[in-house]
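Residue numbers (UniProt numbering): 1 to 85.
Glycine is no exception: its CB is placed at the ideal position from the N, C-alpha and C atoms.
None of the values given here were measured: they were computed from a predicted structure.
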């Protein structure tokens, strides 16, 4: 992540937009007031929003917990149910 003063961002906006899209990195726009902003590629922003939506649902929370259990090795093999039985 890069942090730049807003005056620099104004001067280099086009190249910074290319940079965040090409590198999938972010640029923090630093202001004197401390109310900063972040420049991020639209595709990355959409991905972040989708992830937040999935995690906000009950199923997303369960999916996240399952992934954590798998990372800790807390998994067990199970036989699949036979739908024709």
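What's the gap between the Cα of residue 44 and the Cα of residue 26?
When rounded, the distance between both Cα atoms is 9 Å.
Going by beta carbon distance, what residues of the same chain come within less than 7 Å of residue 20, once the five residues before and after it are set aside?
26, 27, 39, 40, 41, listed in sequence order.
Just to confirm my understanding: we take residue 16, look at its own chain, exclude 5 residues before and 5 after, and list those with CB closer than 7 Å. What are they?
Excluding positions up to five away in sequence, the list reads 9, 27, 39.
What span of residues does the beta strand (DSSP E) with residue 3 cover, start to end?
Run containing residue 3: 2-5, per the beta strand (DSSP E) assignment.
Threshold first: 4 residues or longer. Then list the alpha helix (DSSP H) segments lying entirely within the region 34-72, N to C.
Within the region 34-72, the runs of alpha helix (DSSP H) that reach at least 4 residues and sit entirely inside it are, in chain order, 42-56, 58-71.
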